[in-house]
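With the sequence shown counted from 1, adding 2 to any position gets you this note's numbering.
Backbone N, C-alpha and C fix where the C-beta goes; we use that ideal spot for every residue, glycine too.
First up is the structure itself, then whatever we jot down about it.
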Amino acid sequence: MKKWLMLVVFSLIFVGLVACSNNDESAGSDSDGGSDDTVELDFWIFGSTGYDQLVEEYMKDNPNVKININEGEMNDMHNNLFTSISAGSGAPDIAQIEISQVEKFLEAQDQFYNLVDYGAEDVSSNFLDWKWAQAQSADGSFQIGLPTDIGPTTMFYRTDVMEEAGLSTDREEVAAQIDSWEAYYETAKTIKDKTGKPISDSPQLVFNSLRDQLEQQYFNEEDELIIEDTVKEAYDYTTKMIEEGLVGKNELWEPEWGSAMAEGSYATMPGAPGWMVANVKANAPDTSGKWDIAKIPEGAGNWGGSFLTIPKQSEYPEEAFEFISWLTAPEQQLKSFEIAGLFPSTPDVYENEDFLATTDEFFNNAPTAKIFAEAAQSVKTVYMGVNYSIVDTELGTALLNVAIEGADPEKEWDAAVERINSQLERQ
3 MKKWLMLVVF SLIFVGLVAC SNNDESAGSD SDGGSDDTVE LDFWIFGSTG YDQLVEEYMK
63 DNPNVKININ EGEMNDMHNN LFTSISAGSG APDIAQIEIS QVEKFLEAQD QFYNLVDYGA
123 EDVSSNFLDW KWAQAQSADG SFQIGLPTDI GPTTMFYRTD VMEEAGLSTD REEVAAQIDS
183 WEAYYETAKT IKDKTGKPIS DSPQLVFNSL RDQLEQQYFN EEDELIIEDT VKEAYDYTTK
243 MIEEGLVGKN ELWEPEWGSA MAEGSYATMP GAPGWMVANV KANAPDTSGK WDIAKIPEGA
303 GNWGGSFLTI PKQSEYPEEA FEFISWLTAP EQQLKSFEIA GLFPSTPDVY ENEDFLATTD
363 EFFNNAPTAK IFAEAAQSVK TVYMGVNYSI VDTELGTALL NVAIEGADPE KEWDAAVERI
423 NSQLERQ
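Rendered as structure tokens:
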């Protein structure tokens, strides 16, 4: 009996030793570079960023990091992100967030890592001040994202229409001639008289151009609606031009708006950012050389741009921050510009000689990088507010009703304000 008990004891000891040995071997495998050492980061993006090439470069230099890109449509990606952080599962390690959505996600900042805790202040000097502030809490204590691209605005114009109107087509002379919004109005009357064409086909672009130059737009920092004191003047200016036949009636992103680019049915596209270059080329491929770019009257605004954030569900915030710091650094932003045309938010790039020498044959060899860089440095910091899109949609509807249906501008304004307030009350 004793011998049997001793045999059982020794058997158990042997099994235990084998198990320990196997565990030690597994641990040794991990520490020697096994599969468990590889950090996998899921990266959600939208649009044409060119990031796939840069991700490959990063993974080559950092073999312990694997980055999985999930690219989708912008609105879908934001909706899925909001759903994931609300549910507490399914969010990526890194998420791209567009400027119009940042305030919404800042309200849920407890669902994101504060990048200040990972060294964001050490890289803040890489970026334009106004761009950095867009992803920051009001007191500056929380940074939800690192800046990627921006959309400083300029004025695209058709050289053939300007020439038909008897006006200069030289970009410096165009900028000097249309140096104010009053001058824009007077030029519009000349173009209409000489060619029968409007100066712009889009009421929204004219309004947006004026709005984006304001230091306050739809809300103040207390999230109070302030449109009567800020953008009403821009609305009145735009509707006046609509009623005088100086601005057309095409809605942004509709087929008619794209067709008008090819037809040369208007003279200028105010408020056009750098990424609009590709849009014009896609819609009007046979118009190369008929476009040029000048400064917009009275200073640039910004349309578009994004940030890279790290949702709290990520188990690898340090590795994620290291990657997004690299991806948004001046060197990589320059590569993004060269690959996909994303305009850098890092002013160091604006001093790069090769960057400044960038021209575009389609746009009459305009020095596009130089023009957009100058515009970027004149943009003002603007508080947008979480309900920005509600106001923007309703005012856009009012403008189109005036343009398309011939509706009364004041009645449309009042109706838009009523719809806005009704929606804000439900938030």
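Bridge partner(s) assigned by DSSP for residue i
{"i": "glutamine 145", "result": "Gln138"}
{"i": "methionine 271", "result": "Phe158"}
{"i": "leucine 426", "result": "In DSSP, leucine 426 forms no bridge with anything."}
{"i": "aspartate 44", "result": "Asn70"}
{"i": "phenylalanine 1", "result": "Because the chain here runs from 3 to 429, residue 1 falls outside it and cannot be looked at."}
{"i": "alanine 296", "result": "Met157"}
{"i": "isoleucine 96", "result": "Phe45"}
{"i": "leucine 227", "result": "Phe221"}
{"i": "proline 257", "result": "The partner list for proline 257 (beta bridge, DSSP) is empty, contrary to what the question assumes."}
{"i": "alanine 368", "result": "Asp362"}
{"i": "glycine 307", "result": "Ile152"}
{"i": "serine 126", "result": "Partner(s): none; serine 126 has no beta bridge."}
{"i": "phenylalanine 114", "result": "Pro313"}
{"i": "valine 249", "result": "Ser202"}
Local Cβ density within 10 Å of residue i, reported as buried at 16 or more and exposed below that
{"i": "glutamate 109", "result": "exposed"}
{"i": "lysine 255", "result": "Residue 255 is actually tryptophan in this sequence, not lysine. With fewer than 16 other Cβ atoms within 10 Å, it is exposed."}
{"i": "proline 200", "result": "buried"}
{"i": "lysine 413", "result": "exposed"}
{"i": "glycine 121", "result": "exposed"}
{"i": "lysine 133", "result": "buried"}
{"i": "proline 313", "result": "buried"}
{"i": "serine 170", "result": "exposed"}
{"i": "asparagine 252", "result": "buried"}
Length of the line joining the Cα atoms of residue i and residue j
{"i": "proline 156", "j": "isoleucine 295", "result": "In the sequence as presented, proline is not what sits at residue 156; that position holds threonine. Rounded to whole angstroms, threonine 156 to isoleucine 295 spans 7 Å at the Cα level."}
{"i": "glycine 247", "j": "serine 261", "result": "19 Å"}
{"i": "tyrosine 220", "j": "isoleucine 69", "result": "38 Å"}
{"i": "threonine 161", "j": "serine 182", "result": "20 Å"}
{"i": "aspartate 225", "j": "phenylalanine 107", "result": "15 Å"}
{"i": "alanine 286", "j": "methionine 278", "result": "12 Å"}
{"i": "tryptophan 6", "j": "aspartate 44", "result": "Model confidence at tryptophan 6 stands at a pLDDT of 41, short of 50, so the residue's coordinates are unreliable; what they give is reported in the following sentence. Between tryptophan 6 and aspartate 44, the C-alpha separation is close to 56 Å."}
{"i": "alanine 378", "j": "threonine 360", "result": "16 Å"}
{"i": "tryptophan 305", "j": "threonine 150", "result": "13 Å"}
{"i": "threonine 189", "j": "aspartate 172", "result": "15 Å"}
{"i": "valine 67", "j": "tyrosine 352", "result": "31 Å"}
{"i": "alanine 405", "j": "aspartate 416", "result": "16 Å"}
{"i": "tyrosine 318", "j": "threonine 40", "result": "11 Å"}
{"i": "aspartate 410", "j": "isoleucine 392", "result": "21 Å"}
{"i": "isoleucine 229", "j": "serine 347", "result": "29 Å"}
{"i": "phenylalanine 129", "j": "lysine 337", "result": "16 Å"}
{"i": "glutamate 123", "j": "threonine 370", "result": "31 Å"}
{"i": "aspartate 203", "j": "alanine 331", "result": "38 Å"}
{"i": "methionine 243", "j": "alanine 178", "result": "21 Å"}
Distance between beta carbons of residue j and residue i, contact taken as under 8 Å
{"i": "isoleucine 101", "j": "leucine 227", "result": "With a Cβ gap of about 20 Å, isoleucine 101 and leucine 227 do not count as contacting."}
{"i": "glutamine 215", "j": "threonine 232", "result": "The Cβ separation is near 11 Å, so there is no contact."}
{"i": "alanine 418", "j": "glutamate 396", "result": "4 Å"}
{"i": "isoleucine 99", "j": "alanine 93", "result": "Actually they are not in contact, since the Cβ atoms of isoleucine 99 and alanine 93 sit about 12 Å apart, beyond 8 Å."}
Given 8 Å, three or more beta-carbon pairs between the stretch 39-50 and the stretch 72-80: yes
Any chance the stretch 269-286 sits against the stretch 205-222, with 3 or more Cβ pairs inside 8 Å? yes
Using 8 Å as the Cβ pair cut-off and three pairs as the minimum, do the stretch 322-336 and the stretch 280-296 touch? no
Does the pairing of the stretch 50-63 with the stretch 336-354 give three or more beta-carbon distances under 8 Å? yes
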